[in-house]
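Okay, structure first, notes after.
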Amino acid sequence: MSTQVLLFNPRATNYKARIPNSVLQVAASVDGKYDWVIVDGNAEVNAEQKIIDYLSSGNFKYFGCTIMPGPQLKQAILVTKKVHELFPDVKIIWGGYFAANQYKVVINSGWVDAIINGPGDLAFPRLLDAFENNSPLDSIHNLIFKNGNEIIITAKDALLEQDTLPDLPYEKLHSFHSLEKYLGKSYLGKKTIAYHSSFGCPFTCSFCAVVPIYEAKWKGQSAEKIYRHIKYLKENFGADAIEFHDNNFFVNEKRTVEFAQLIKNENMVWWGEGRIDTIDKYKAESLVVMREAGCKMIFFGAETGNDEILKKMDKGGKQTGAQILSFAARMKKFNIIPEYSFVLGTPADTPQQVMKQIDEDIAFIMKVKEANPDTEIIIYVYSPVPTEGSEMYKQVLKSGFRFPEKLEDWLNDSWQNFDLRKNPLTPWLTPEMIDKIKNFETVLNGYYPTVSDIRMNSSQRKLIRTVSSIRYKNKWYSYPYEVKVLQKLWKYRQPETEGF
Ligand code: B12
Ligand code: SF4
């Protein structure tokens, strides 16, 4: 086992590092066959130097980097470019949502030898074997690479049975970076696990980056497997809470209830992402058992109250504005906090229509708060993902919007901010529209400070609410400087950009 693989998780957060599940699962796929190390940009002061030191030893043949859009792009691009220049013999492999969705710009950069397109559990070890044996790459599934000028995209594998995958090598990760430090404080608990229990999603929402990669497929680990890992992290490292990082944790009611029953006596608090129309079908007994077992809050993509747009977004065709409202009220009965995310600023034929839609969404969000004031609201500004063929993406292309053609262009501030979904600079949104969305968000968060912000105490909450109330009640959103000052002073944390 002499061939060494360096796996890099570029910095994505300044706020708190989480277990780097992407590179850890990739490590598991080659564990025992290839020797590997992990460099985590979230946990290192100078990740670049650490990588150069490792590679200078001459022991490494492969550099694997995971990459999602947003600030992670910075270290990913700069460090990869350096590795390519200083160590031309080291093979560079990228994986993750950005690499797969924006494959053209990545592979055309000339620095990346291959992209893993979707799960890497079979593709990565097979790719390394092929490189080792100098054999062709065409027969390896879930792969994108270049043959001369031609970009080759190989077939996708069906999703694997998740219980057949190897356990994550937590102990070896612990030898690089302390696991206790990864189990951070959160709204849920003092030591929060980041756990990823399923891949994909059975739906095809036309704005979602999961769709082009997983094409409406979903596979989850069994409740027993999840429970076994959580118990291990609890017993060995003192974990007391779980953030489920699945795109859609609650697809299968039976699995959710089985997990709830297993975890019930472990005194763990947990959170995950789900769909309103899926969980609205859950039986009352299931919701009761989930809450008793520690499920305190669930994140939902509410998106908009407008049924026409919901249809255009292809939310499975089942979610409606009326259901979003009644479901918020239903969750109150079970004492589970719904965390609703909305996507404002979707394209329309005229600027008047875009603005009208923003106004209607703002009014709708206020109605949700009336139905259940505990509902946490997250507001995103729509930023396109290349879901080729969807109605929404066709409209985006019609507006003249184009993604960057050079990898380094993603280093520009505006493109790094693009996927933070705050001000994506899409052609149909005017500064006035963006201001309206942002100012409303500021006033809303002032009037209803988020319960998940653990840095604000109750008197601070009361004061910020009083200051914001005149604006909220009278719908005066422009220039909310006084609210902003207080939020800055008390470091209001935006769960949407800094983590959940
Ligand atoms: C954890 C997480 C974060 C963490 C940081 C993660 C980190 N690496 O440090 C935080 C909270 C900081 C974060 C932030 C953001 N995130 Co994020 N994040 C996730 C989340 C929930 C889990 C990622 C994960 O661990 N997955 C588990 C692993 C096992 O799966 P995987 O990454 O897919 O890995 C497999 C394959 O992809 C492949 N693979 C992946 N990498 C590599 C590398 C190599 C070398 C190889 C061989 C294979 C390979 O093999 C793996 C095993 O099969 C995903 C959603 C999801 N369910 O994946 C979103 C997700 C990646 N995030 C997303 C986004 C947009 C963001 C933000 C940019 C914006 C936002 N508002 O959320 C911010 C950026 C903020 C910032 N400061 O950087 C989107 C990306 C969408 C897109 N447009 O492409 C996702 C998909 C969520 C979503 N559905 O919208 N995120
Ligand atoms: S339900 Fe969520 S994860 Fe699934 S396709 Fe829609 S937005 Fe994406």
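In terms of my numbering, the sequence shown opens at residue 1203 and continues consecutively. Each residue gets a CB set at the ideal place from its N, CA and C atoms; glycine is no exception. In this text, all values refer to a predicted model and were calculated from it rather than measured experimentally.
The beta-carbon separation of G1272 and A1214, rounded to 7 angstroms, stays under the 8 angstroms limit for a contact. Contact holds between the region 1635–1647 and the region 1668–1684, because three or more Cβ pairs, one in each stretch, are under 8 angstroms apart.
For C1497, the CB stays at least 7 angstroms from every heavy atom of the ligand B12. Here L1288 is exposed. Its C-beta has fewer than 16 other C-beta atoms within 10 Å. Taken in chain order, the complete alpha helix (DSSP H) segments of 4 or more residues contained in the region 1425–1502 are 1425–1439, 1455–1465, 1478–1481, 1486–1494.
Of the heavy atoms belonging to the ligand SF4, none sits nearer than 7 angstroms to the Cβ of N1303.
DSSP places L1546 inside the beta strand (DSSP E), whose first and last residues are 1539–1546.
With contacts defined by Cβ atoms closer than 8 angstroms, S1231 and D1315 do not form a contacting pair.
At least one heavy atom of the ligand B12 is found less than 7 angstroms from the C-beta of G1272. For the pair K1535 and A1495, the CB atoms are not nearer than the 8 angstroms cut-off.
Taking 8 angstroms as the upper bound for CB-CB distance, E1334 and K1284 are not in contact here, some 25 angstroms apart.
In this structure N1336 is exposed. Its beta-carbon is surrounded by fewer than 16 other beta-carbon atoms within 10 angstroms.
At least 8 angstroms separates the beta-carbon of S1654 from that of Y1264. Counting only the Cα atoms, I1253 lies some 35 angstroms from W1420. Contact between the region 1468–1476 and the region 1516–1530 is absent, with fewer than three C-beta pairs closer than 8 angstroms. By the 16-neighbour rule on beta-carbons within 10 angstroms, K1517 is buried. Listed in chain order, the non-local C-beta contacts of D1448 below 7 angstroms within the same chain comprise H1398, S1399, S1400, G1474, E1475, local neighbours out to five positions each way being set aside.
Between the alpha carbons of K1427 and N1614 lies a distance of about 42 angstroms.
In this structure, the C-beta of W1612 stays at least 7 angstroms away from each heavy atom of the ligand B12. Cβ-Cβ distances below 8 angstroms link R1667 to G1648, Y1649, Y1650, P1651 in the same chain, with the five nearest sequence neighbours on each side left out; the list follows chain order. In the three-state scheme derived from DSSP, where H, G and I count as helix and E and B as strand, L1381 is classed as helix. Across the structure, Y1434 and C1497 are spaced so that their CA atoms are roughly 19 angstroms apart. Going by beta carbons, A1325 and N1349 fall outside the 8 angstroms limit. Relative to the ligand B12, even the nearest heavy atom lies 7 angstroms or more away from the CB of Q1689.
Within the same chain, I1478, I1526, Y1542, S1543, F1544 come within 7 angstroms of A1504 by CB-CB distance, once the 5 residues on both sides are set aside.
Put simply, the backbone Cα of D1255 is about 41 angstroms away from that of I1580. Per DSSP, A1302 is one residue of the alpha helix (DSSP H) stretching across 1299–1303. Straight through space, the alpha carbons of L1665 and V1413 are spaced by roughly 43 angstroms.
The alpha carbon of A1530 has as its nearest neighbour, out of V1556, R1493, I1481, the alpha carbon of I1481. In the three-state reduction of the DSSP assignment, N1619 falls in the helix class, which pools H, G and I. Beta-bridge partners of A1316 (DSSP): I1295.
Short note on G1298: C-beta not closer than 7 angstroms to any heavy atom of the ligand SF4.
Of the heavy atoms belonging to the ligand SF4, none sits nearer than 7 angstroms to the Cβ of G1422. Our two residues, F1566 and V1225, have alpha carbons roughly 40 angstroms apart in a direct line. When DSSP states are grouped into helix, strand and coil, G1523 belongs to the helix group.
For the region 1381–1419, the continuous beta strand (DSSP E) assignments of 3+ residues that do not extend past its boundaries occur at 1394–1397, 1400–1402, in sequence order.
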